[in-house]
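Undergrad: Numbers in our numbering are just positions in the sequence shown, counted from 1, shifted up by 2.
Here a beta-carbon is modelled for each residue, glycine too, at the ideal position from N, C-alpha and C.
Have a look at this one before I ask anything.
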Amino acid sequence: MVNKSIIDGLAEIAGKDNVLTDEESLKCYSYDATRYASTPDAVVKPRDTGEISKVLSLAYEEAIPVTPRGAGTGLSGGSVPVKAGIVLSTERMNSTPRIHKEDLYVEAEAGLVTEQLQAVVEAMGLFYPPDPASQSACTIGGNVAECAGGLRGLKYGTTRNYVLGLEMVTPEGKVLRTGARTVKSVAGYDVTRLMVGSEGTLGVVSSAFLKVLPLPPARRVLSCAFDNLGKASEVVSEILGQGLIPSILEIMDEKTVTAVEAHTGEKLGEGVMLLVEFDGTKAICDEDASKAREIIEGKYGGKVMGDVEGPERENVWRARRAVLPALTRLSPTVILEDVTVPRSRLPEMTAKIMKVAERYALRIAVFGHAGDGNLHPTFLTDRKKHDEIKRVNAGISEMMRACIDLGGTISGEHGIGLDKMPFLKLQIGKAGYDIMKRLKVSLDHKGIMNPGKMFYDA
Ligand SMILES: Cc1cc2nc3c(=O)[nH]c(=O)nc-3n(C[C@H](O)[C@H](O)[C@H](O)COP(=O)(O)OP(=O)(O)OC[C@H]3O[C@@H](n4cnc5c(N)ncnc54)[C@H](O)[C@@H]3O)c2cc1C
C-alpha cells in the first residue's frame, strides 16, 4: 500500500517535483499503446542509478509493486501497472550518450529516446541499427526490456545483438554491471541476455552499453507492387534464397497502403507493397537492387514503382512508420498481433490470416517485417461490439496456434506483457514455463517487479 510515508520517502529520494500523485498525472501513466489501462498509486521519476536503487530498496522493504516505464509505446501492455503501486519512469534519464568510437560502443541512459541515440552516433559516422517504427518516442530502456526489433532486423538483428552489457538495479535495490565492454566475454552466466527481453519483471535497467557499427555509405530502396499478399510473401524467400540480404524488407497489404495514403496524403503505390532496401557501397547497392528487381518483376509479376537513394528514401520510411497511426484512424479499437514464422512459411501464414478474416467475418490489415518472417496482423474492431470481440478472440487464438504449428513464435518483438499471456505456455511448454517461473521467483522473490505480467501466477 502506497501511504503518505512512502510518498514522503519517494519525495526525499527523487525530489518532491518528481513524485506524482494527482489524478490527472496518474491517468497519464496508466496505459501504453495497447487497449489496457490501470492507474498506479504514485509515479516517481528518478534521475540516476542511485535514485533507482533507493526507490527499489524502499519498495522492496514495503513489498510494493513497481512497474518500470520508458515512453509507454509498448504493444503488449508491459508498462501498464495492473497491480497499481509505483510507476518508475525513466524519462529524466536521458543525458547525451557517451561514445567510445575506438571501441565501437556507446553508453546510453535508459530514458534516452532511440532516435536521439541514432542521431548522435550518425553524426560521428557510426550506426546503431535497431530501429523500431516508434523510434521517435521509445527509449533505450524500453527497447532493451522488450528486445525491440524494427525495420532493419533482417540484416542487422534486434536489440539483443547490440547489448554488450547493462547497468541495472535488482528488485532489492542492488546495483550491478552485467556483461563487458569487450566484443566477447564468457565470465559466468549471461545475465545480460537474460535481462534483454525480460520486460521489467526482473529488475530495472539504468544504462546500456551498446555496440555500434560504421555507417553504411549508401542505401537504395525499391517500392514494389503486387496483386496479392500470397505472391508478395513468396518473393521474400526467393530474394533470400538468391543470396541477397536486404537491410530492410517490409510488407504492407492493400488495406494498410490505402490507410497510410489517406493518413499522409501521399501516394505510396498500389495493391500489396514490398519495400526493399539495400545498403553498403554504392556499387553493391546497385548490383543487389538490380538482381532484386529481376526476381520481383520476373515470375512473381511484381512492379517496381519507386527506386530511390539518398535522403529521398526517408519519405518511404516515414510512410512505413505511419502505419499504426494510420490504421488506428480506421476503427475505434485496433488489436495488433506480432506472429513470426520461418521466412519460408510466410505464404502459409498470410493465407491462414486471410482464412481467419473470412471465417470469423473480421477486418484484418496485414503489414510487418516480412524479411524477418514477422507479421503484424491488425484487427480493426470495436471493443463495444461484444459479439465481434468474441470472434476477434477466437480468430487470434486460431492464428496463434497456426503460427506455432508453422514453427513460429507468438511474439517476434513486442513481448508477452498482458496481451500474450494466454499463449505463452502453448509455445514454450510446461517445462519451459516452469523454468521461467523459477528464474522469476529466485530473482524477485517478493514479486514486486512488474507483477501481473508474462505469467498469470506472478
Ligand atoms: C507506432 C508504433 C510502432 C512500433 N514499432 C515497433 C517496431 O517496429 N519494433 C518493435 O520491436 N516494437 C515496436 N513498437 C513497440 C514499442 O515501441 C517497443 O516495444 C519499445 O521498445 C517500447 O519502448 P518504451 O520506451 O515505450 O517502453 P514502455 O512501453 O514504457 O515499456 C515496455 C516494457 O519495458 C519495461 N521497461 C521500460 N523501461 C525499462 C527499464 N529501464 N528497465 C526495465 N524495464 C523497463 C516496461 O516495464 C514494459 O514492460 C511500436 C510501437 C508503436 C506505438
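Can you tell me which residues form a DSSP beta bridge with G370?
TA: G370 is bridged to I253, L377.
Undergrad: Which residue wins for smallest C-alpha separation from R365, given the options I398, E25, M197, D340?
TA: Of I398, E25, M197, D340, the residue nearest in Cα terms is I398.
Undergrad: By Cβ distance below 6 Å, which residues in the same chain neighbour K56 in space, the five residues on each side in sequence not counted?
TA: Excluding positions up to five away in sequence, the list reads I15.
Undergrad: Determine the direct distance from the alpha carbon of H447 to that of G370, and round the result to whole angstroms.
TA: Approximately 38 Å between the Cα atoms of the pair.
Undergrad: Taking DSSP as the reference, what is the three-state secondary structure of R183?
TA: Coil at R183, not helix or strand.
Undergrad: Under 8 Å Cβ to Cβ from C149, same chain only, skipping five residues before and after it: list those, please.
TA: Within the same chain, C149 has close Cβ partners T160, T161, R162, V198, G199, E415, G417.
Undergrad: For ligand 1, any of its heavy atoms closer than 8 Å to the Cβ of H388?
TA: H388: no, Cβ never under 8 Å from ligand 1.
Undergrad: Does the structure place the stretch 346-361 close enough to the stretch 421-440 that three or more beta carbon pairs sit under 8 Å?
TA: No contact exists between the stretch 421-440 and the stretch 346-361.
Undergrad: Let me know if I101 comes out buried or exposed under the rule of 16 or more other beta-carbons within 10 Å of its beta-carbon.
TA: Classification of I101: buried, given that the 10 Å Cβ count is 16 or more.
Undergrad: Taking F280 as part of the beta strand (DSSP E), name the residues at either end of that continuous run.
TA: Counting along the chain, the beta strand (DSSP E) containing F280 begins and ends at 274-282.
Undergrad: DSSP three-state label for V341, please.
TA: Here V341 sits in coil by DSSP.
Undergrad: Give a yes or no on contact between the stretch 110-125 and the stretch 81-101, applying the rule of three or more CB pairs nearer than 8 Å.
TA: They touch, by the three-pair rule.
Undergrad: What do you reckon, is the C-beta of R71 under 8 Å from a heavy atom of ligand 1?
TA: For ligand 1, at least one heavy atom lies less than 8 Å from the Cβ of R71.
Undergrad: DSSP has D309 in a bridge; who is on the other side?
TA: D309 pairs with L224.
Undergrad: Sorry if obvious, but does the Cβ on P134 come closer than 8 Å to a heavy atom of ligand 1?
TA: The answer is yes for P134.
Undergrad: Would A44 and L12 be called neighbours here (beta carbons separated by less than 9 Å)?
TA: A contact, by the Cβ cut-off of 9 Å.
Undergrad: Could you have a look at V1 and say whether DSSP puts it in helix, strand or coil?
TA: Residue 1 is absent from the model: the chain starts at 3 and stops at 460.
Undergrad: Say the cut is 8 Å; is the CB of D34 nearer than that to a heavy atom of ligand 1?
TA: Flag set: Cβ of D34 near ligand 1.
Undergrad: Can you find at least 3 beta carbon pairs, one from the stretch 172-180 and one from the stretch 80-90, that sit closer than 8 Å?
TA: These segments do not touch.
Undergrad: Select from M170, G202, D229, E289 the residue whose C-alpha is nearest the C-alpha of Q244.
TA: Nearest C-alpha to Q244: E289.
Undergrad: Mind listing, in chain order, the continuous beta strand (DSSP E) runs of no fewer than 3 residues lying wholly within the stretch 197-241?
TA: The qualifying runs are 206-213, 220-228.
Undergrad: Nearest by alpha-carbon distance to A125: which of P216, A65, G52 is it?
TA: Considering only alpha carbons, the answer is P216.
Undergrad: Does the beta carbon of A367 fall short of 8 Å from some heavy atom of ligand 1?
TA: For ligand 1, not one heavy atom lies less than 8 Å from the Cβ of A367.
Undergrad: Are the C-beta atoms of A139 and some chain B residue less than 9 Å apart?
TA: Here chain B cannot be found, since the structure has a single protein chain.
Undergrad: Output yes or no for whether 9 Å exceeds the beta carbon distance between V336 and T383.
TA: Cβ atoms of V336 and T383: closer than 9 Å.
Undergrad: Check A324 in the structure and name its three-state DSSP category.
TA: A324: coil per DSSP, three-state reduction.
Undergrad: Flag C226 as yes when its Cβ comes closer than 8 Å to any non-hydrogen atom of ligand 1, and as no otherwise.
TA: C226: no, Cβ never under 8 Å from ligand 1.
Undergrad: Given this structure, state the Cα-to-Cα distance separating S346 from T411, to the nearest angstrom.
TA: Each residue's alpha carbon lies about 14 Å from the other.
Undergrad: Give me the Cα-Cα distance between E174 and G202, rounded to the nearest whole angstrom.
TA: Computed Cα separation, rounded: 14 Å.
Undergrad: With three or more beta-carbon pairs closer than 8 Å as the criterion, would you say the stretch 131-138 touches the stretch 60-68?
TA: No, the stretch 131-138 is not in contact with the stretch 60-68.
Undergrad: Would you identify the three-state DSSP class for S91, choosing helix, strand or coil?
TA: Residue state, collapsed to three classes: strand.
Undergrad: Taking just the CA atoms, how far does V68 sit from T51?
TA: Spanning the two alpha carbons is a distance of roughly 15 Å.
Undergrad: With a threshold of 8 Å, are at least 3 pairs of Cβ atoms found where one atom belongs to the stretch 271-283 and the other to the stretch 208-228?
TA: Cβ pair count under 8 Å is three or more, so yes.
Undergrad: Alpha carbon to alpha carbon, what distance is there between L251 and I297?
TA: Those two C-alpha atoms are separated by around 14 Å.
Undergrad: With respect to 8 Å, is the separation between the Cβ of R320 and the closest non-hydrogen atom of ligand 1 below this value?
TA: Flag unset: Cβ of R320 not near ligand 1.
Undergrad: Jot down the residue ranges of each uninterrupted alpha helix (DSSP H) in the stretch 377-416, minimum 4 residues, whole runs only, in chain order.
TA: Qualifying alpha helix (DSSP H) stretches, in chain order: 388-407.
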